[in-house]
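Q: Handing you this structure, nothing more for now.
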RNA sequence: GUGGUUUUAGCUCAGUUGGUUAGAGCGUCUGAUUGUGGUUCAGAAGGUCGUGGGUUCGAGUCCCAUAUUCCACCCCA
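Numbering (the numbering used here), first residue to last: -14 to 442.
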């Protein structure tokens, strides 16, 4: 033992085999659905230049960026005066020019601009990679986590929005997670802010409204007031804050308030259309309009999507929306995109909490051959080869250990079948196949074992 | 970034107002069972009590610092 225990950075995790099998199950499911909808994979570097990253996620986001120290003599550009001043932000730009990616959307926007001549629009891509945020860790909140993004860029059609909802629906149906799909629209929020005469306060209004369930209507109004919304405006907001009924009813009520806002009415029309298309697509999960969704308000311009797991207290497991001009920042204006992002780690946590992982994900080995050494070992190795040729995941126990130990090994790895080729089997030419679940075993010719396994796996 | 919380065996946790050699369950290993796992029985190994200081005759227990976990705020997958 070394004197100090090794450790990993705060908010990061190791993944052991059983966890990886489960995680791969999630990734595989998401990937499969993405591909069924025609999305193609890309990957981008873990690091981006800070120029790409900074200023895209708001002031808060910039603080949460992991910056990478320049290689070599990174202090060469720094003067003693800079150090004395202690301006951390300025100093950081002198000693660091790269950062770890914060999400997959901004790198994708960068990618689209950089590869615009190779891309056929509309371009549907998916991307499953880790992202890093220097956030304070909590349950379901890590400093390194995987996002699974699907975006379509270069199409204004609302079919894309509805299709992303359908993708989310299918992923969670296939993973057996009950979810609620939530939809909002930046234009509706903008319209509300405009109509009450506080066009610049969209965020403040939404943040306050979001707390209705937690703190009640009176406190929400207090908070609105504290955030600089005048009494008349708050008065006009009341029917919107206390909105109820079905999605259609809600939209109708909002429509009355927003009648004089062109932007707001456009948002309502868009939302109605997305609901209509979703119905045609036959989405199974409940889909509801939720005006308090403020996620990604920095760059979303139309629909805002969020998915929450039912029956579990966890942040959202999936989020997304429409951004009309994300590539504009990188010099390619006028291209609209819409995307969705699955939080694989949170999905994992939800599934663990709800006991949703199939037991089959515990091990991938299907057959174990017991090792008796000598001539028997040779036969076992050959048998293992034949099994693999037939497509069975097969393990040969590497040592001539006690049989009991080899069986315990199979048991702990939950390997369903064990084949025994010992001295008796070698002389008779018949091998033993044991079913580890039932405990039954049979002694037959190798060919019979092969066909029996093929039938039963 | 602000306030709080957690940390004792591989895992989950006990440990009294500070007082001999820090415990349990599960897991691991060995044997009962020299060609058979999951059940049972017997036994064993495994801890400088997160780390570093301090107070004390004496610290797992009290104080300070630091790391980590989780929670609220902020924000977010």
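We put the beta carbon where it would ideally sit given N, CA and C, even for glycine.
If you're wondering where the values come from, they're calculated on a predicted model, not measured in any experiment.
Alpha carbon to alpha carbon, what distance is there between residue 58 and residue 381?
A: Their backbone Cα atoms lie some 52 Å apart in a straight line.
Q: Less than 8 Å between the beta carbons of residue 192 and residue 249, yes or no?
A: No. Outside cutoff.
Q: Just the C-alpha distance for residue 3 and residue 334, rounded to the nearest angstrom, thanks.
A: Each residue's Cα considered, the two are about 14 Å apart.
Q: Nearest-angstrom Cα distance between residue 363 and residue 374?
A: For residue 363 and residue 374, the distance between alpha carbons rounds to 17 Å.
Q: Does DSSP put residue 194 in a helix, in a strand, or in coil?
A: Of the three classes helix, strand and coil, the one that applies to residue 194 here is helix, per DSSP.
Q: Quick one: residues in its chain with C-beta nearer than 8 Å to the C-beta of residue 317, no 5 flanking neighbours on either side, listed in chain order?
A: Excluding residues within five positions, the ones whose Cβ falls inside 8 Å are 97, 98 and 101.
Q: Rounded to whole angstroms, what is the Cα-Cα separation between residue 407 and residue 387?
A: Roughly 12 Å between the two C-alpha positions.
Q: Following the continuous beta strand (DSSP E) through residue 323, name the residue where it begins and the one where it ends.
A: Taken as a continuous stretch (DSSP letters only), the beta strand (DSSP E) holding residue 323 covers 322 to 328.
Q: Identify which residue in 166, 55 and 116 has its Cα closest to the Cα of residue 290.
A: Nearest option by C-alpha distance: 166.
Q: Rounded C-beta distance between residue 450 and residue 176? I'm assuming under 8 Å.
A: Outside the shown range of the chain, which is -14 to 442, sits residue 450, and nothing can be said about it.
Q: Kindly list the residues whose CB is nearer than 8 Å to the CB of residue 396, restricted to its own chain and excluding five residues on each side of it in sequence; keep chain order.
A: Closer than 8 Å at the Cβ level, and outside the excluded window around residue 396, lie 421.
Q: On the criterion of 16 or more Cβ atoms from any shown chain inside 10 Å, does residue 263 qualify as buried, or is it exposed?
A: Buried, because 16 or more other Cβ atoms sit within 10 Å of the Cβ of residue 263.
Q: Going by DSSP, what residue range makes up the beta strand (DSSP E) through residue 440?
A: Not the beta strand (DSSP E): residue 440 falls in the alpha helix (DSSP H), residues 431 to 441.
Q: Tell whether a beta-carbon distance below 8 Å holds between residue 50 and residue 119.
A: Result yes, Cβ atoms of residue 50 and residue 119 sit closer than 8 Å.
Q: Grab me the residues of residue -7's own chain with a C-beta within less than 6 Å of its C-beta, minus the 5 sequence neighbours each way, in chain order.
A: For residue -7, where only same-chain residues beyond five positions count, there are no Cβ hits under 6 Å.
Q: Are three or more beta carbon pairs between the region 324 to 331 and the region 5 to 15 nearer than 8 Å?
A: At 8 Å Cβ cutoff, the stretches touch.
Q: Can you pull the DSSP bridge partners for residue 136?
A: Residue 136 is bridged to 110 and 324.
Q: Compute the distance between the beta-carbons of residue 300 and residue 173, then report whether it is under 8 Å.
A: In this structure, residue 173 does not lie closer than 8 Å to residue 300 by Cβ.
Q: Please classify residue 355: does DSSP put it in a helix, a strand, or coil?
A: Coil.
Q: Going by other Cβ atoms of all chains shown within 10 Å of its Cβ, with 16 needed for buried, is residue 72 buried or exposed?
A: Its Cβ having fewer than 16 others within 10 Å, residue 72 is exposed.
Q: Give a yes or no on contact between the region 397 to 405 and the region 413 to 431, applying the rule of three or more CB pairs nearer than 8 Å.
A: These segments touch.
Q: Residue 443 bridges to which residues according to DSSP?
A: With the chain running from -14 to 442 in the structure shown, residue 443 is simply not present.
Q: How long is the line joining the alpha carbons of residue 339 and residue 297, rounded to whole angstroms?
A: Answer to the nearest angstrom: the Cα atoms are 8 Å apart.
Q: Would residue 106 be called buried (16 or more neighbouring beta carbons within 10 Å of its own) or exposed?
A: So residue 106 ends up on the exposed side.
Q: Going along the chain, which residues of its own chain have a beta-carbon closer than 8 Å to the beta-carbon of residue 425, five neighbours each way excluded?
A: Counting only Cβ-Cβ distances below 8 Å, and skipping sequence neighbours, we find 419.
Q: Looking only at its chain, what residues have a beta carbon closer than 7 Å to the beta carbon of residue 284, apart from the 5 residues adjacent to it on each side?
A: So the list reads 308 and 311, once near-sequence residues are dropped.
Q: Cα-Cα, which of 360, 46, 220 and 306 is closest to residue 143?
A: If we check each option's Cα against that of residue 143, 306 comes out closest.
Q: In angstroms, rounded to a whole number, what distance separates the CA positions of residue 349 and residue 225?
A: Each residue's alpha carbon lies about 53 Å from the other.
Q: Is residue 22 a contact residue of the ligand MG, with contact defined as CB to any heavy atom under 7 Å?
A: Annotation note on the ligand MG: not contained in the displayed structure, which lists no ligands.
Q: Less than 8 Å between the CB atoms is what I'm expecting for residue 295 and residue 302, so what's the real figure, rounded?
A: That belief does not hold up - the Cβ atoms of residue 295 and residue 302 are roughly 11 Å apart, past 8 Å.
Q: Give the secondary structure of residue 308 by DSSP, where H, G and I count as helix, E and B as strand, and everything else as coil.
A: In this structure, residue 308 counts as strand in the three-state DSSP scheme.
Q: If we ignore side chains and look at the alpha-carbon of each, how far apart do residue 26 and residue 412 end up?
A: Roughly 54 Å separates the two Cα atoms.
Q: What three-state label does DSSP hand residue 126 in the structure shown?
A: Three-state DSSP puts residue 126 in a strand.
Q: Rounded C-beta distance between residue 40 and residue 122? I'm assuming under 8 Å.
A: The pair is not a contact, with the Cβ atoms about 25 Å apart (cut-off 8 Å).
Q: Taking residue 394 as part of the beta strand (DSSP E), name the residues at either end of that continuous run.
A: That residue, residue 394, is in no beta strand (DSSP E); its alpha helix (DSSP H) goes 388 to 397.
Q: Between which two residues does the alpha helix (DSSP H) holding residue 38 run?
A: Element bounds for residue 38: 35 to 38.
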